[in-house]
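**Q** Right, I'll just put the structure down here and ask away after.
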Amino acid sequence: MSQSSRSPVRLLAGAALAALFTWLILRQIDWHGLVTTLAATRPGWVLAALGAFFVGYSCRIARWRAMLAKDVPGISWLTCAGPLLASFATNNVLPFRAGDVLRAFAFNQRLGTTSGTVLATLFVERLLDLLMVLVLLGAALMAFRLDVASFSGVGAGFLFALALVILAVLLFPQAFAPLARAATAIIARFAPGIGVRLRAEVDKGLTTLAHLAQGTTMLRLVGWSLAAWLAEGFVFWLAAQSLPDLTAPAAGWLALPVGTLATLIPSTPGYVGTFDYFTVHAMTALGNGTTAAAAFAVVVHLLLWLPPTVLGGLYLILNPLSRQPRNQTS
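By full-length UniProt numbering, the letter at position 188 of the sequence shown is numbered 188, and the numbering carries on one by one without gaps.
Written out as structure tokens, the structure reads:
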């Protein structure tokens with residue numbers, strides 16, 4: 001099946017899964033109770049959550065600036081802010097990670113970099129984010145003493161071990177180079193075309209990782225990542241504090257990694273349904289009512305979706321792609 005023919009299938013599968021998870025939520029909630037719970041939302045806590053959101057995104061921008069600074073010394077935080085927010089906004093409204101494609105190809109001249117460099121930073125960004133989410137989930141499972149067999153199927157020890165493997169790849173990429181190349185060679189034996197493309201991507205990723213692992217750069221990137229995700233954790237916790245009907249607002253710290261990992265499931269732009277279902281599941285696992293948990297999912301989803309979509313959209317309106325300088329693509 002060609003890439004063009006697979007795209008509609010993926011889109012339909014994502015929409016179907018989003019509809020399924022949305023239905024699973026809706027069949028459990030009391031609509032009158034949901035409206036009443038949302039009406040009782042305390043705006044002061046929501047504003048505090050919004051402040052935590054901006055702190056988290058400021059750290060994400062600083063992290064990306066630190067990655068690009070290896071190739072573009074002197075690049076500013078503001079220069080990086082617009083393209084990053086625009087990419088998140090695009091991912092929130094268009095399918096197939098269109099925002100990542102936008103960030104990789106649309107702003108290179110303005111950033112003073114190349115598509116290859118930006119794609120490599122996106123790869124490192126994903127690894128850092130996965131590392132933090134695994135650590136936060138493991139910490140939440142331990143802190144709340146959850147029965148991992150019934151909740152996630154894996155324990156905190158396994159999650160921490162996986163996080164350590166990712167950290168080792170980030171800090172010592174060349175040590176894993178023979179293993180990565182051996183894996184691509186095996187794939188190439190069965191699918192030569194895919195193997196060739198995969199080998200090129202693996203080599204590119206290893207080169208970038210080695211570049212960013214020099215000196216203290218990777219440790220600073222891990223620090224920015226930790227700060228960003230802790231700030232996002234406060235978004236969840238403060239959003240939970242805004243809803244008086246939640247009996248265990250601390251469950252927001254569990255909902256963060258669970259809801260985030262759920263975004264790996266194919267869905268619609270903005271992860272409608274998938275994010276919400278697993279966020280509700282995490283909140284009810286610690287004793288919150290289903291209707292109150294659904295209200296929380298609505299509030300936190302809006303907090304995470306609306307600000308970057310509005311700000312990134314404004315950036316694209318004020319800096320339309322038609323006025324962008326000619327991009328570098330190598």
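We treat Cβ as the ideally placed atom computed from N, Cα and C, and that holds for glycine.
Drop a sphere of 10 angstroms on the beta-carbon of His281, count the other beta-carbons inside from all chains shown, and report buried for 16 or more, exposed for fewer.
**A** His281 should be labelled buried.
**Q** Measure the alpha-carbon distance for Ala295 versus Val135 and round it to whole angstroms.
**A** Rounded to whole angstroms, Ala295 to Val135 spans 26 Å at the Cα level.
**Q** Taking 8 Å as the threshold, find out whether the region 135 to 146 comes into contact with the region 112 to 124 through three or more Cβ pairs.
**A** Result no; under three Cβ-Cβ pairs closer than 8 Å.
**Q** So, do the region 233 to 250 and the region 209 to 224 have three or more beta carbon pairs nearer to each other than 8 Å?
**A** Contact fails: fewer than three Cβ-Cβ distances are below 8 Å.
**Q** Count the other CB atoms within 10 Å of the CB of Pro8; is the residue buried (16 or more) or exposed (fewer)?
**A** Counting Cβ neighbours within 10 Å, Pro8 comes out exposed, since fewer than 16 surround it.
**Q** Just mark Asp276 as buried or exposed, buried being the case when its beta carbon has 16 or more other beta carbons within 10 Å.
**A** Asp276 should be labelled buried.
**Q** Per the contact definition of three or more C-beta pairs closer than 8 Å, is the region 55 to 65 in contact with the region 228 to 238?
**A** Yes, the region 228 to 238 touches the region 55 to 65.
**Q** Identify whether Pro257 lies in helix, strand or coil by the three-state DSSP scheme.
**A** Here Pro257 sits in helix by DSSP.
**Q** Taking contact to mean 3 or more Cβ pairs, one atom from each stretch, closer than 8 Å, check whether the region 290 to 304 and the region 63 to 81 are in contact.
**A** No, they do not touch.
**Q** Once the 5 residues before and after Leu102 are set aside, which same chain residues still bring their CB inside 7 Å of it?
**A** For Leu102, where only same-chain residues beyond five positions count, the Cβ hits under 7 Å are Ala86, Ser87, Thr90.
**Q** For Pro43, name the three-state secondary structure that DSSP assigns.
**A** Helix, per DSSP.
**Q** Drop a sphere of 10 angstroms on the beta-carbon of Trp31, count the other beta-carbons inside from all chains shown, and report buried for 16 or more, exposed for fewer.
**A** Flag for Trp31 reads exposed.
**Q** Given Ala120, which residues of its chain have a CB within under 7 Å of its CB, disregarding the five upstream and five downstream residues?
**A** Closer than 7 Å at Cβ, skipping near neighbours: Lys204, Gly205, Thr208.
**Q** Would you identify the three-state DSSP class for residue 355, choosing helix, strand or coil?
**A** Residue 355 lies beyond the residue range present for the chain, which begins at 1 and ends at 330; the question has no answer from this structure.
**Q** Under a three-way DSSP split, which group does Asp203 fall into?
**A** Asp203 falls in the helix class under three-state DSSP.
**Q** When DSSP labels each residue in this structure, what does Phe96 get in the three-state scheme?
**A** Correct three-state label for Phe96: coil.
**Q** Would you say the region 164 to 174 touches the region 74 to 85, given that touching needs at least three Cβ pairs under 8 Å?
**A** The answer is no - the region 74 to 85 does not touch the region 164 to 174, with fewer than three Cβ pairs under 8 Å.
**Q** Spatial neighbours of Thr260 within its chain, please: C-beta separation below 6 Å, excluding the five flanking residues on both sides.
**A** The residues are Val133.
**Q** Name the two residues that bound the continuous alpha helix (DSSP H) containing Asn108.
**A** Taken as a continuous stretch (DSSP letters only), the alpha helix (DSSP H) holding Asn108 covers 108 to 111.
**Q** My guess is that Asn92 and Thr309 are in contact by the Cβ rule of under 8 Å, so how many angstroms apart are they, rounded?
**A** At roughly 5 Å, the Cβ-Cβ gap stays under 8 Å, so Asn92 and Thr309 are in contact.
**Q** Nearest CA to the CA of residue 332: which residue from Leu130, Thr184, Ala188, Ile186?
**A** Residue coverage of the chain in this structure runs from 1 to 330, which leaves residue 332 outside it and unanswerable.
**Q** Grab the span of the alpha helix (DSSP H) containing Gly138 for me, first residue to last.
**A** Counting along the chain, the alpha helix (DSSP H) containing Gly138 begins and ends at 115 to 144.
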